[in-house]
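Chain order of the listed sequences is P and H. Under our numbering, read the first sequence as residues 2 to 221, first letter to last. Under our numbering, read the second sequence as residues 2 to 221, first letter to last. In what follows, a single structure is set out as structure tokens and then discussed.
2 protein chains.
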Amino acid sequence: MTKVKVFANILKANDTLAQKNKKLFRSNGVYTINLMSSPGSGKTTLLERTIAALKDDVKIAVLEGDLQTANDANRIKKFNIPVTQINTDGACHLDANMIDNALDFYDFSSLELFVIENVGNLVCPAGFDLGEDDRVVMVSTPEGDDKPIKYPVMFRKAAVLIINKIDMLSFTNFDVSKVKKDAIKIKPDIKIFEMSCKTGEGMDDWYKWLREQVKKKSNK
Amino acid sequence: MTKVKVFANILKANDTLAQKNKKLFRSNGVYTINLMSSPGSGKTTLLERTIAALKDDVKIAVLEGDLQTANDANRIKKFNIPVTQINTDGACHLDANMIDNALDFYDFSSLELFVIENVGNLVCPAGFDLGEDDRVVMVSTPEGDDKPIKYPVMFRKAAVLIINKIDMLSFTNFDVSKVKKDAIKIKPDIKIFEMSCKTGEGMDDWYKWLREQVKKKSNK
Chain P
2 MTKVKVFANI LKANDTLAQK NKKLFRSNGV YTINLMSSPG SGKTTLLERT IAALKDDVKI
62 AVLEGDLQTA NDANRIKKFN IPVTQINTDG ACHLDANMID NALDFYDFSS LELFVIENVG
122 NLVCPAGFDL GEDDRVVMVS TPEGDDKPIK YPVMFRKAAV LIINKIDMLS FTNFDVSKVK
182 KDAIKIKPDI KIFEMSCKTG EGMDDWYKWL REQVKKKSNK
Chain H
2 MTKVKVFANI LKANDTLAQK NKKLFRSNGV YTINLMSSPG SGKTTLLERT IAALKDDVKI
62 AVLEGDLQTA NDANRIKKFN IPVTQINTDG ACHLDANMID NALDFYDFSS LELFVIENVG
122 NLVCPAGFDL GEDDRVVMVS TPEGDDKPIK YPVMFRKAAV LIINKIDMLS FTNFDVSKVK
182 KDAIKIKPDI KIFEMSCKTG EGMDDWYKWL REQVKKKSNK
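This is the structure we're talking about:
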């Protein structure tokens, strides 16, 4: 079973580098999140809103992951915070080695919050630890309410579930209570936020929670 | 570079089985499509509408692919057509071997149209030929209009692009002409349909096109 052995070796190498990344984040008191979702759930819009709300009192940097284009990094640049874009050139997820290679760009001693926006994919990114403190998974109401039960691996390791696009709820048959129930069944202590990153509804609780995590990790 | 070599071997083995599958479909005059999109774009709803519209005069069967659950197959069963569910148990795409293993369930001599609904994933399924005649990729308006340029591999080999959820267009900033332009730049002869699988708007052209493809391939 060469295939299985090689994959195990890849994961082992990834974990070693993830530990290296984690050590760097921790030693600098930087709270790091790995943000994941399907394509188009609203990850970058969440970041735009969150940066605008927090950047005056939290030192934030962002790392963007995509197969192609620097579109997402360009959307973040307007906030004048450190941001880089990794293009995976076809690969379906970020791995710890890609993160490690990008970290020289940042001065972690001057940061408090580091957000890694993963490739839009509800499957593969779940398998790769990047060294983050917490994983945040986002689903949006137009995607339908069957995502936790159909993609359980992604939810099993997530600290936070964001249910986005609640402004579109009435145009869908998305059942918020079903999604929450299914997610909690998979990950009993998952923290859930309902919001619209378009209108801003429900985002204050998220900002508050994020500030608390940053404060907990900070050694500054 | 063991990793690369093993992956090349996997793809080679996949192509051999894909050719075997294709031979079976062709020898029976069955038109086969591989339907792909992000999670929640509306693949299964497209199938429900399409089966309802065509099943009285086109002999259809469906193969559903998901990480977990038989939800999608259960949605198709009500039409009393042959349907099976593959659970990939975490794997991010269907491959030709999974299809090959499932084909005994069907009597292809009595079929005209075979639809394989892939795992919801805009990245990985693009790398694996299943033996299909055509690939159909779907995007939906709430996902945003940057999908072709951010996930070009998926669009490069697609015969058809379906732009779904046009009933939600006014609640998004989705630019239909941009998506069409970007998709055509990647795949100049891509056939594009705009529709709402919820309201049925725009679906007649799709049904007409699909009937034509079935007729072309049919030896019955």
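All C-beta atoms in this analysis are idealised placements derived from N, C-alpha and C, irrespective of residue type, glycine included. Please read these numbers as outputs of a predicted model, since none were measured by experiment.
Distance between residue j and residue i (C-alpha atoms, nearest Å)
i        : j        : result
P:Ser197 : H:Phe129 : 36 Å
H:Ala74  : H:Ala62  : 11 Å
H:Val168 : H:Lys199 : First, the amino acid is wrong: residue 168 of chain H is Asp here, not Val. So the alpha carbons of these two residues sit roughly 8 Å apart.
H:Lys209 : H:Asp190 : 18 Å
H:Ala159 : H:Val138 : 6 Å
H:Leu211 : P:Val84  : 45 Å
P:Gln195 : H:Gly201 : One point to set straight first is that residue 195 of chain P is Glu, not Gln, in the sequence displayed. If I take the Cα positions, the gap works out to 30 Å.
H:Thr182 : H:Asn174 : In the sequence as presented, Thr is not what sits at residue 182 of chain H; that position holds Lys. Straight-line Cα distance between these residues: approximately 16 Å.
P:Val140 : P:Lys179 : 13 Å
P:Lys24  : P:Asn15  : 14 Å
P:Arg157 : P:Cys125 : 13 Å
P:Met2   : H:Asp105 : Because P:Met2 sits at a pLDDT of 38, beneath the cut-off of 50, its placement in the model cannot be relied upon, and the following sentence gives the value as read from the coordinates. Computed Cα separation, rounded: 26 Å.
P:Ala53  : P:Gly203 : 15 Å
H:Gly145 : P:Ile82  : 24 Å
P:Met99  : H:Phe8   : 19 Å
P:Thr46  : P:Arg76  : 9 Å
H:Gln20  : H:Leu12  : 12 Å
H:Tyr107 : H:Asp205 : 28 Å
For residue i, the residue or residues it bridges with in DSSP
i        : result
P:Gly66  : P:Ile87
H:Asn165 : H:Ser141
H:Phe115 : H:Thr33, H:Ala62
H:Arg136 : H:Asn35
H:Glu195 : H:Ile164
CB of residue i within 9 Å of CB of residue j, strictly
i        : j        : result
H:Leu95  : H:Val120 : yes
H:Tyr152 : H:Leu123 : yes
P:Lys112 : P:Asn29  : One detail in the question is off: residue 112 of chain P reads as Leu in this sequence, not Lys. Against a cut-off of 9 Å, the Cβ pair of P:Asn29 and P:Leu112 comes out as a contact.
H:Ile185 : H:Ile193 : yes
H:Asp147 : P:Asn72  : yes
P:Asp135 : P:Gln214 : yes
P:Leu1   : P:Ala97  : Lying outside 2 to 221, the shown extent of chain P, residue 1 of chain P is not represented and no answer is given.
P:Pro143 : P:Leu162 : no
H:Lys44  : H:Phe80  : no
P:Pro40  : H:Ser39  : yes
P:Asp101 : P:Asn10  : no
H:Glu118 : H:Gly66  : yes
P:Tyr32  : P:Lys217 : yes
Nearest neighbour of residue i, chosen from the options [CA to CA]
i        : options                               : result
H:Val116 : H:Lys56, H:Tyr107, H:Asn35, H:Lys181  : H:Asn35
P:Ala92  : H:Val154, H:Leu48, H:Asp67, H:Asp135  : H:Val154
H:Phe109 : H:Leu68, H:Asn72, H:Leu64             : H:Leu64
H:Met37  : H:Asp205, H:Ala127, H:Glu202, H:Gln69 : H:Ala127
H:Arg219 : H:Glu49, H:Ala9, H:Asp205, H:Phe26    : In the sequence on display, residue 219 of chain H carries Ser and not Arg. If we check each option's Cα against that of H:Ser219, H:Phe26 comes out closest.
H:Leu48  : H:Phe8, H:Asp105, H:Lys78             : H:Lys78
P:Gln69  : P:Thr89, P:Asn15, P:Arg76, P:Ala53    : P:Thr89
P:Ser42  : P:Ile164, P:Tyr32, P:Lys216, P:Ile82  : P:Ile164
P:Trp1   : P:Arg76, P:Met99, P:Thr51             : Look at the range of chain P in this structure, 2 to 221, and you will see that residue 1 of chain P is not part of it.
Partners in chain P for residue i, counting only beta-carbon separations shorter than 8 Å
i        : result
H:Thr223 : Because chain H spans 2 through 221 in this model, residue 223 of chain H falls outside it and cannot be assessed.
H:Asp190 : Neighbours of H:Asp190 on chain P: none; closest Cβ ~21 Å, over 8 Å.
H:Asn15  : None at all; the shortest Cβ gap to chain P is about 12 Å.
H:Val138 : Going along chain P, no residue has its Cβ under 8 Å from H:Val138, so there is no contact; the nearest lies around 12 Å.
H:Val63  : The premise fails here: H:Val63 is roughly 17 Å from chain P at the closest Cβ pair, so nothing lies under 8 Å.
Under 7 Å by beta carbon: chain H residues contacting residue i
i        : result
P:Glu144 : Pro40, Gly41
P:Asn119 : Correct list: empty, because the minimum Cβ distance to chain H is about 11 Å.
P:Asn75  : Within 7 Å Cβ-Cβ: nothing; P:Asn75 doesn't reach chain H, min ~11 Å.
P:Gly91  : Val154
P:Cys198 : Neighbours of P:Cys198 on chain H: none; closest Cβ ~12 Å, over 7 Å.
P:Asp67  : Lys151
Contacts of residue i in chain P (Cβ-Cβ under 9 Å)
i        : result
H:Ser141 : Gly41, Pro143, Glu144
Neighbouring residues, chain H, relative to residue i (Cβ below 9 Å)
i       : result
P:Asn35 : Going along chain H, no residue has its Cβ under 9 Å from P:Asn35, so there is no contact; the nearest lies around 17 Å.
P:Lys98 : It should be noted that the sequence gives Asn, not Lys, for residue 98 of chain P. In chain order: nothing, as chain H lies at least about 12 Å away.
Contacting positions in the stretch 147-178 of chain P - beta carbon closer than 7 Å to chain A
Absent here is chain A; the protein component of the structure consists of chains P and H.
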